[in-house]
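Take any residue in the sequence shown, count from 1 to its spot, add 7: that is its number in my numbering.
Notes follow once the structure below has been shown.
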Amino acid sequence: MNLYRDVVAGDIIVSDDFSMKLVDDAAFQVDPSGEDGNGSVDSFVDRFMLQPTTFDNKQSYLRQLKHHMQLVKMFQLVSGASQGDITAMENAVSTYTRQIAWNFKNYEFFTSASGNPDGMVILKTYHDDGRTPYFTYWKHGLKAEQV
C-alpha cells in the first residue's frame, strides 16, 4: 500500500486503498468509497483528517493554486525533474484548471490536517450522474510512501 503526502504541507492526504484515476496527467480523481465500495465521504474525510475550507470566489482559489503550484515546481526541480518535465506539468495543470474554473460552483474544498495555507487544496465534486462523489488531487503535488 502507498500513502501519499502533500509535498508542500507534508501531511498524508490519500492512499491507494482508494481507486485513483489519473486524468490528463495532471490530477487524480479519487473514489472515496474505497476498493470495497463500502466507504463514505465522511469516513474518507475523517481518515485523512481533511478540513473544509472556502474561497470567496474563483479568482481567490486560482491565486492559491498558482502559489501552491509554484512551490510544487520548486519541489520537483529540487527532486531532479527536468525542464521538460516541469513544462509538461505546467501544461497539464493549466488544462485541468480550466475544467475546474468552468465548474467552480460545483466544488467543495478541503485542506490537509495541518491547515498549511501553502498546501494542496483538495477538491470534491460529483461525476456526471450528480450522485457519485470524487476528490481531486494534483498528481505532481503528491509523494508516495510505501508502507
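All C-beta atoms, glycine included, are put in the ideal place defined by N, C-alpha and C.
Remember, predicted model here, so these are calculated numbers, not experimental data.
(message) Does residue 138 come out as helix, strand or coil in the three-state DSSP assignment?
(response) Looking up residue 138 in the sequence shown gives position 131. DSSP places residue 138 in coil when its eight states are reduced to three.
(message) Beta-carbon within less than 6 Å of residue 16's beta-carbon, same chain only, minus the 5 sequence neighbours each way: which residues are those?
(response) What you label residue 16 is simply residue 9 of the sequence shown in a count that begins at 1. Apart from the 5 residues on each side of it in sequence, residue 16 sits with its Cβ closer than 6 Å to the Cβ of 119, 121, 123 and 126 in its chain, given in chain order.
(message) Does the structure place the stretch 32-41 close enough to the stretch 131-151 that three or more beta carbon pairs sit under 8 Å?
(response) Of all C-beta pairs linking the stretch 131-151 to the stretch 32-41, three or more are shorter than 8 Å, placing the two stretches in contact.
(message) One question on the structure: do residue 10 and residue 19 come within less than 7 Å of each other, judged by their Cβ atoms?
(response) Here residue 10 refers to the residue found at position 3 when the sequence shown is read from its first residue. Here residue 19 refers to the residue found at position 12 when the sequence shown is read from its first residue. Taking 7 Å as the Cβ cut-off, residue 10 and residue 19 qualify as a contacting pair.
(request) Jot down the residue ranges of each uninterrupted alpha helix (DSSP H) in the stretch 61-119, minimum 4 residues, whole runs only, in chain order. (result) 65-85 and 90-109
(message) Excluding the 5 residues flanking residue 74 on each side, which residues of the same chain have their C-beta closer than 8 Å to its C-beta?
(response) Looking up residue 74 in the sequence shown gives position 67. If we look at residue 74 and ignore the five residues flanking it on each side, its Cβ neighbours are 125.
(request) Evaluate the contact criterion for the stretch 104-120 versus the stretch 55-73: three or more CB pairs, one atom per stretch, below 8 Å. (result) Contact holds: three or more Cβ-Cβ distances are below 8 Å.
(message) Quick check on residue 49: does DSSP put it in helix, strand or coil?
(response) Counting from one through the sequence shown, the residue named residue 49 turns up at place 42. Helix at residue 49.
(request) Compare the beta carbon distance of residue 81 and residue 100 with 7 Å and say whether it is the shorter of the two. (result) One-based indexing of the sequence shown puts residue 81 at position 74. One-based indexing of the sequence shown puts residue 100 at position 93. Cβ distance not < 7 Å, so residue 81 and residue 100 don't count as in contact.
(message) Tell me the rounded alpha-carbon separation between residue 70 and residue 133.
(response) Taking the sequence shown and counting its residues from 1, one reaches residue 70 at position 63. Taking the sequence shown and counting its residues from 1, one reaches residue 133 at position 126. Spanning the two alpha carbons is a distance of roughly 23 Å.
(message) How far does the beta strand (DSSP E) with residue 34 in it extend, from its first residue to its last?
(response) One-based indexing of the sequence shown puts residue 34 at position 27. First-last of the beta strand (DSSP E) with residue 34: 34-37.
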